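Chemist:
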Amino acid sequence: MIFAREKEGSLKVVHKYGPCNQHHEDKATVPPSHSEILLQDQSRVNSIRSRVLKNRKQTNAAVDVEAKSGDSLGSGNYIVTVGLGTPKKDLSLIFDTGSPLTWTQCLPCSSSCYYQKDPMFDPSKSSTYINVSCYTPECASETSTCIYGIQYGDRSYSVGYFGKETITLSKYDVFDGFLFGCGHKNRGLFGRTAGLLGLGRDTFSIVQQTSNIYKRIFSYCLPTHFGGSTGHLTFGRTPVSYKDIKYTPLSTSTDIKDSFYALDLEGITVAGTKLYIPSSIFSSPGTIIDSGTVITRLPATAYKALKSAFRQFMSSYPRAPALSILDTCYDFSSYSSFKIPKISFLFGGGVVVELKPQGILYVGSVTQICLAFAGYSDDDEVTIFGNAQQQTLEVVYDAGEGRIGFGPVVCH
Numbered sequence: 360m361i362f363a364r365e366k367e368g369s370l371k372v373v374h375k376y377g378p379c380n381q382h383h384e385d386k387a388t389v390p391p392s393h394s395e396i397l398l399q400d401q402s403r404v405n406s407i408r409s410r411v412l413k414n415r416k417q418t419n420a421a422v423d424v425e426a427k428s429g430d431s432l433g434s435g436n437y438i439v440t441v442g443l444g445t446p447k448k449d450l451s452l453i454f455d456t457g458s459p460l461t462w463t464q465c466l467p468c469s470s471s472c473y474y475q476k477d478p479m480f481d482p483s484k485s486s487t488y489i490n491v492s493c494y495t496p497e498c499a500s501e502t503s504t505c506i507y508g509i510q511y512g513d514r515s516y517s518v519g520y521f522g523k524e525t526i527t528l529s530k531y532d533v534f535d536g537f538l539f540g541c542g543h544k545n546r547g548l549f550g551r552t553a554g555l556l557g558l559g560r561d562t563f564s565i566v567q568q569t570s571n572i573y574k575r576i577f578s579y580c581l582p583t584h585f586g587g588s589t590g591h592l593t594f595g596r597t598p599v600s601y602k603d604i605k606y607t608p609l610s611t612s613t614d615i616k617d618s619f620y621a622l623d624l625e626g627i628t629v630a631g632t633k634l635y636i637p638s639s640i641f642s643s644p645g646t647i648i649d650s651g652t653v654i655t656r657l658p659a660t661a662y663k664a665l666k667s668a669f670r671q672f673m674s675s676y677p678r679a680p681a682l683s684i685l686d687t688c689y690d691f692s693s694y695s696s697f698k699i700p701k702i703s704f705l706f707g708g709g710v711v712v713e714l715k716p717q718g719i720l721y722v723g724s725v726t727q728i729c730l731a732f733a734g735y736s737d738d739d740e741v742t743i744f745g746n747a748q749q750q751t752l753e754v755v756y757d758a759g760e761g762r763i764g765f766g767p768v769v770c771h
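My numbering runs 359 ahead of the 1-based position in the sequence shown.
Right, here's the structure in full:
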């Protein structure tokens, strides 16, 4: 049974470490330092690289969610709240476009779970919970109940049983028989949330499971990392006027297109000038857009060109020490204001995405404000368009039509 209004469902988005996150209100919980956040981010990137390498070696391999995936949640920046079960229990989940599966911690879980603020989901108290048998098409387990296991690059993991349950996105958006992981053994840096909402391109993601209503369309606006604003995650249509959205095709020319949302990046401009970067730099293994990676990663040649142009524009300002993976930093403590160059990304189909200032700079402190990009040591690496660069943009994923849209918007 499905209830849906106008084929659209919207959830509020908060940043994991922002003041609007109720799970961060406990003053005893110390937020991680910028260096720790960036190191977690690097863990996620390393895991994405491992998945990309595996895909390139086995281009035609099927995705198997029961195998260890090798991806990492990194810092798990953005959180939404959904309802699960009957009666409905609200659960706050990290949402992730790079993950194939939705899972939550489940009782019984006396000694093998991490602390979460929401009451843990108890399938025995829900009248609509169904165990998934190993004999169903979704499962390849040899036990009577279908087992899943997913392990992340930072040694986080979730192990449990596949179940089907009623999931509630809003009063009017209720889906029965939603396949998810009911985790009885879980560990990791999930920020006291209840688990993860998988928005990937895989069969078991919420995008695929709700495709008959939402047509594999969702969009989001990500609030700034440490500001007081909230954003949204909307399934179905975008809240922004269609005329304001510019669409670039999902890439069909890379080996990573089946596991990630891959784009054709054609160039970068700094202060209105297109950087000289050979087109081959971005074509193999390709470019992905990812909600869970914080800092955009560029192949060595592309990052060197970007860094050089940025440093030249900023040459009148005093430099500051590097901040973890960010090597181009400045001390603006003596300035009441300062100027930075405009930076735009050029995607296929003539789509130009001009970054907001918060997508160009990462603020450690007033004495350490850094260029919010990082480079690899060589060129044969996947380009990742991270969430710092996506902040306050409306980003539309239209997998049904094979395209990604960008539009101007201000999160609430």
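Built from N, CA and C at the ideal position, the CB exists for glycine as well. Every value quoted in this text rests on a predicted model; they were computed, and no experiment measured them.
Counting only the same chain and skipping the five closest in sequence on each side, list residues whose C-beta sits under 8 Å from that of residue 710.
Modeler: Start at 1 with the first residue of the sequence shown, and residue 710 comes out as number 351. Hits under 8 Å: 605, 606, 607 and 765.
Chemist: Among 462, 660, 699 and 412, whose alpha-carbon lies nearest the alpha-carbon of residue 630?
Modeler: Within the sequence shown, residue 630 is the residue found at index 271, counting from 1. Checking every option, the nearest Cα to that of residue 630 belongs to 699.
Chemist: Would you grab the beta carbon distance between residue 466 and residue 563 for me? Rounded to a whole angstrom, and I think it's under 8 Å.
Modeler: Here residue 466 is taken as the residue at index 107 of the sequence shown, counted from 1. Here residue 563 is taken as the residue at index 204 of the sequence shown, counted from 1. In fact, because the Cβ distance is near 22 Å, the residues do not count as touching under 8 Å.
Chemist: Rounded to the nearest angstrom, what separates residue 556 and residue 446 at their Cα positions?
Modeler: Locating residue 556 in the sequence shown gives position 197, counting from the first residue. Locating residue 446 in the sequence shown gives position 87, counting from the first residue. Their Cα atoms are separated by approximately 20 Å.
Chemist: Grab the span of the beta strand (DSSP E) containing residue 668 for me, first residue to last.
Modeler: In the sequence shown, residue 668 corresponds to position 309, counting from 1. Residue 668: not part of any beta strand (DSSP E); member of the alpha helix (DSSP H) spanning 659-672, first to last residue.
Chemist: I'd like the span of the beta strand (DSSP E) that includes residue 860, first residue to last.
Modeler: Absent from the structure is residue 860, since the part of the chain shown begins at 360 and ends at 771.
Chemist: From the DSSP secondary-structure annotation, give me the bridge partner or partners of residue 541.
Modeler: Locating residue 541 in the sequence shown gives position 182, counting from the first residue. In the DSSP assignment, residue 541 is bridged to 463 and 520.
Chemist: What did DSSP end up calling residue 641 once you bin it into helix, strand or coil?
Modeler: Counting from 1 along the sequence shown, the entry for residue 641 is found at position 282. Here residue 641 sits in helix by DSSP.
Chemist: Skipping 5 residues on each side, what residues in its chain have a beta carbon closer than 6 Å to that of residue 717?
Modeler: For the purposes of this step, residue 717 is taken as residue 358 along the sequence shown, with counting starting at 1. Contacts found: 583 and 750.
Chemist: Answer yes or no: do residue 615 and residue 636 have a C-beta to C-beta separation smaller than 8 Å?
Modeler: Translated into positions along the sequence shown, residue 615 becomes position 256. Translated into positions along the sequence shown, residue 636 becomes position 277. Not closer than 8 Å, so no.
Chemist: On the DSSP letters alone, give me the boundaries of the beta strand (DSSP E) that residue 699 sits inside.
Modeler: Taking the first residue of the sequence shown as 1, we reach residue 699 at position 340. Where residue 699 is concerned, there is no enclosing beta strand (DSSP E), given that its DSSP letter is neither H nor E.
Chemist: Have a look at the DSSP bridge pairing and note the partners of residue 369.
Modeler: Against the sequence shown, residue 369 aligns to sequence position 10. DSSP lists 593 as partners of residue 369.
Chemist: Nearest-angstrom Cα distance between residue 434 and residue 483?
Modeler: Taking the first residue of the sequence shown as position 1, residue 434 is located at position 75. Taking the first residue of the sequence shown as position 1, residue 483 is located at position 124. Confidence is the limiting factor: at residue 434 the pLDDT is only 45, short of 50, which leaves the residue's position unreliable and the question unanswerable from this model.
Chemist: Alpha carbon to alpha carbon, what distance is there between residue 675 and residue 370?
Modeler: By 1-based counting over the sequence shown, the position of residue 370 is 11. By 1-based counting over the sequence shown, the position of residue 675 is 316. Those two C-alpha atoms are separated by around 44 Å.
Chemist: Between the C-alpha atoms of residue 743 and residue 624, what's the straight-line distance to the nearest angstrom?
Modeler: Position 384 of the sequence shown, counting from 1, holds the residue named residue 743. Position 265 of the sequence shown, counting from 1, holds the residue named residue 624. Taking the straight line joining both Cα atoms gives about 10 Å.
Chemist: With distances taken Cα to Cα, identify the nearest neighbour of residue 544 among 538, 758 and 471.
Modeler: Within the sequence shown, residue 544 is the residue found at index 185, counting from 1. Cα-wise, what sits closest to residue 544 is 471.
Chemist: Quick one, which of 736, 515, 443 and 454 has its alpha-carbon nearest residue 473's?
Modeler: Taking the first residue of the sequence shown as 1, we reach residue 473 at position 114. The residue with the shortest Cα to Cα distance from residue 473 is 515.
Chemist: Less than 8 Å separating the beta-carbons of residue 571 and residue 652?
Modeler: In the sequence shown, residue 571 corresponds to position 212, counting from 1. In the sequence shown, residue 652 corresponds to position 293, counting from 1. Their beta carbons are not under 8 Å apart, which means residue 571 does not touch residue 652 by this criterion.
Chemist: Evaluate residue 757 with the Cβ neighbour count: other Cβ atoms within 10 Å of its Cβ, from every protein chain shown; 16 or more gives buried, anything less gives exposed.
Modeler: The sequence position of residue 757 within the sequence shown is 398, counting from 1. By the C-beta density criterion, residue 757 is buried, having at least 16 other C-beta atoms within 10 angstroms.
Chemist: First and last residue of the beta strand (DSSP E) that includes residue 510?
Modeler: The residue you call residue 510 lines up with position 151 of the sequence shown. Run containing residue 510: 506-510, per the beta strand (DSSP E) assignment.
Chemist: Assign residue 721 to buried or exposed, taking buried as 16 or more other Cβ atoms, counted over all protein chains shown, within 10 Å of its Cβ.
Modeler: As a first step, residue 721 must be located in the sequence shown, where it is residue number 362. Under this definition residue 721 is a buried residue.
Chemist: Our contact map puts residue 487 next to residue 442 with C-beta atoms below 8 Å; I'd like the distance itself, whole angstroms only.
Modeler: Start at 1 with the first residue of the sequence shown, and residue 487 comes out as number 128. Start at 1 with the first residue of the sequence shown, and residue 442 comes out as number 83. Not really, about 11 Å apart at Cβ, beyond 8 Å.
Chemist: Where do the N-terminal and C-terminal ends of the beta strand (DSSP E) with residue 754 fall, by residue?
Modeler: The count along the sequence shown starts at 1 and reaches residue 754 at position 395. First-last of the beta strand (DSSP E) with residue 754: 752-757.
Chemist: Could you tell me the boundaries of the alpha helix (DSSP H) in which residue 570 lies?
Modeler: The sequence position of residue 570 within the sequence shown is 211, counting from 1. Under the DSSP assignment, residue 570 falls in the alpha helix (DSSP H) whose first and last residues are 570-573.
Chemist: If you measure between the beta carbons of residue 665 and residue 705, is that distance less than 8 Å?
Modeler: On the sequence shown, position 306 is the one that residue 665 refers to. On the sequence shown, position 346 is the one that residue 705 refers to. Contact flag unset, no.
Chemist: Taking just the CA atoms, how far does residue 697 sit from residue 425?
Modeler: Taking the sequence shown and counting its residues from 1, the one referred to as residue 425 is at position 66. Taking the sequence shown and counting its residues from 1, the one referred to as residue 697 is at position 338. With a pLDDT of 21 at residue 425, under the threshold of 50, the modelled position of this residue cannot be trusted, and the question is left open.
Chemist: Could you tell me the alpha carbon to alpha carbon distance between residue 734 and residue 560, rounded to whole angstroms?
Modeler: As a first step, residue 734 must be located in the sequence shown, where it is residue number 375. As a first step, residue 560 must be located in the sequence shown, where it is residue number 201. Near 26 Å, if we compare the C-alpha coordinates of residue 560 and residue 734.
Chemist: What distance in whole Å lies between the Cβ atoms of residue 407 and residue 549, which are believed to be in contact at a cut-off of 8 Å?
Modeler: Counted from its first residue, the sequence shown places residue 549 at position 190. Counted from its first residue, the sequence shown places residue 407 at position 48. That pair is no contact at about 18 Å.
Chemist: Rounded to the nearest angstrom, what separates residue 506 and residue 521 at their Cα positions?
Modeler: Your numbering for residue 506 matches position 147 in the sequence shown. Your numbering for residue 521 matches position 162 in the sequence shown. Distance between the alpha carbons of residue 506 and residue 521 is about 6 Å.
Chemist: Nearest-angstrom Cα distance between residue 533 and residue 569?
Modeler: Translated into the one-based positions of the sequence shown, residue 533 becomes position 174. Translated into the one-based positions of the sequence shown, residue 569 becomes position 210. Approximately 10 Å between the Cα atoms of the pair.
Chemist: Please report how far the alpha carbon of residue 485 lies from the alpha carbon of residue 437, in whole angstroms.
Modeler: Counting from 1 along the sequence shown, the entry for residue 485 is found at position 126. Counting from 1 along the sequence shown, the entry for residue 437 is found at position 78. Each residue's alpha carbon lies about 27 Å from the other.
Chemist: Residue 801 to residue 493, Cα distance in whole Å?
Modeler: With the chain represented from 360 up to 771, any question about residue 801 goes unanswered, as that position is not in the structure.
Chemist: Give me, in chain order, the residues of the same chain whose beta-carbon lies closer than 6 Å to that of residue 580; leave out the 5 immediate sequence neighbours on both sides.
Modeler: As a first step, residue 580 is located in the sequence shown; it is residue number 221 there, counting from the start. Same-chain partners within the cutoff: 590, 591, 753, 768 and 770.
Chemist: Nearest by alpha-carbon distance to residue 729: which of 655, 737 and 519 is it?
Modeler: For the purposes of this step, residue 729 is taken as the residue at position 370 of the sequence shown. Selected option, being the one with the closest Cα: 655.
Chemist: Thinking just about the alpha-carbon of each residue, which of 701, 687 and 719 is nearest to the one in residue 727?
Modeler: Against the sequence shown, residue 727 aligns to sequence position 368. Selected option, being the one with the closest Cα: 687.
Chemist: Comparing alpha-carbon positions, which option in 455, 602 and 760 lies nearest residue 372?
Modeler: The residue labelled residue 372 in the question sits at position 13 within the sequence shown. That would be 455, whose Cα lies nearest to the Cα of residue 372.
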